[in-house]
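*Asks:* Each residue of the sequence shown is one higher than the last, beginning at 1 in UniProt numbering.
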Amino acid sequence: MVGDIRSLHEKLAGGKGLSLPLIKRIMVHTLRAGLAHVLHSAGIMHTDLKQDNSSRVHKNSICIVTDVMGGDVRSLHEKLAGGEGLPLSLVKRVMIHTLRGLAHTHRHADLRQDNILFDTALTQADIEALVEADRPRYHPPEQSWECTVQAAVSQPLPSPLLVEVMTSDCFRCGFWQL
Numbered sequence: 001m002v003g004d005i006r007s008l009h010e011k012l013a014g015g016k017g018l019s020l021p022l023i024k025r026i027m028v029h030t031l032r033a034g035l036a037h038v039l040h041s042a043g044i045m046h047t048d049l050k051q052d053n054s055s056r057v058h059k060n061s062i063c064i065v066t067d068v069m070g071g072d073v074r075s076l077h078e079k080l081a082g083g084e085g086l087p088l089s090l091v092k093r094v095m096i097h098t099l100r101g102l103a104h105t106h107r108h109a110d111l112r113q114d115n116i117l118f119d120t121a122l123t124q125a126d127i128e129a130l131v132e133a134d135r136p137r138y139h140p141p142e143q144s145w146e147c148t149v150q151a152a153v154s155q156p157l158p159s160p161l162l163v164e165v166m167t168s169d170c171f172r173c174g175f176w177q178l
């Protein structure tokens with residue numbers, strides 16, 4: 001994986017913002033990656049749902065295949081409440097499931113520009129050539145409990161070109177995934 005949204009934004013957009021198609025593509029991949037967790041934790045989706053068939057992306061739309069469901073809140077409101085509002089107990093039930101899904105997302109996904117990464121078309125030989133051209137540097141040695149350690153300075157790969165990003169996959173990454 002190479003690059004992140006912030007470095008791509010700085011390189012290509014000069015701080016003026018990413019293009020709408022790129023933002024949509026990133027959001028579709030991000031939503032698709034975390035959707036099953038959110039829906040399951042909100043009590044909307046069963047754990048036995050086949051993950052490989054649970055969603056499909058066509059252009060900028062997401063199609064979610066689920067077990068047979070009993071409708072949605074809007075339809076229920078229109079049919080049962082006649083425009084006068086739903087019972088407070090039902091509203092509380094819907095809200096608690098929605099908030100549980102949001103809480104799960106908050107705990108398990110640090111969604112920000114730095115944590116959405118793109119895949120790369122660079123080969124092992126390409127990466128080795130980049131490392132050879134810019135030799136690794138190291139931080140000063142530090143004493144740990146058991147020995148002296150010396151960490152390498154991070155050397156990110158160059159950000160991909162916009163045409164590469166438009167066809168690449170996006171991945172969520174955070175310390176919780178390491």
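Just so it is clear, CB atoms sit at the ideal spot from N, CA and C, and this is done for glycine as well.
Aspartate 134 and glutamine 155 - do their beta-carbons sit closer together than 8 Å?
*Replies:* To locate residue 155, count along the sequence shown from 1; it is residue 155. To locate residue 134, count along the sequence shown from 1; it is residue 134. Going by C-beta atoms, glutamine 155 is nearer than 8 Å to aspartate 134.
*Asks:* Would you kindly report the start and end of the unbroken alpha helix (DSSP H) that includes glutamine 124?
*Replies:* In the sequence shown, residue 124 corresponds to position 124, counting from 1. Unbroken alpha helix (DSSP H) run through glutamine 124: 124 to 133.
*Asks:* How should tyrosine 75 be labelled, buried or exposed, when 16 other C-beta atoms within 10 angstroms of its C-beta is the threshold for buried?
*Replies:* Position 75 of the sequence shown, counted from the start, is the residue given in the question as residue 75. Here residue 75 is serine; the residue named in the question, tyrosine, does not match the sequence. Label assigned to serine 75: exposed.
*Asks:* Which class does valine 103 belong to by DSSP, given the choice of helix, strand or coil?
*Replies:* By one-based count along the sequence shown, residue 103 stands at place 103. Sequence inspection shows alanine at residue 103; the valine mentioned does not correspond to that position. Note: alanine 103 maps to helix in three-state DSSP.
*Asks:* Tyrosine 138: which of Val153, Glu128, Asp126, Glu146 sits nearest, CA to CA?
*Replies:* The residue given as residue 138 occupies position 138 in the sequence shown. Cα-wise, what sits closest to tyrosine 138 is Val153.
*Asks:* Anyone know if the C-beta pair for leucine 86 and histidine 77 falls short of 8 Å?
*Replies:* Along the sequence shown, one-based indexing puts residue 86 at 86. Along the sequence shown, one-based indexing puts residue 77 at 77. A contact, by the Cβ cut-off of 8 Å.
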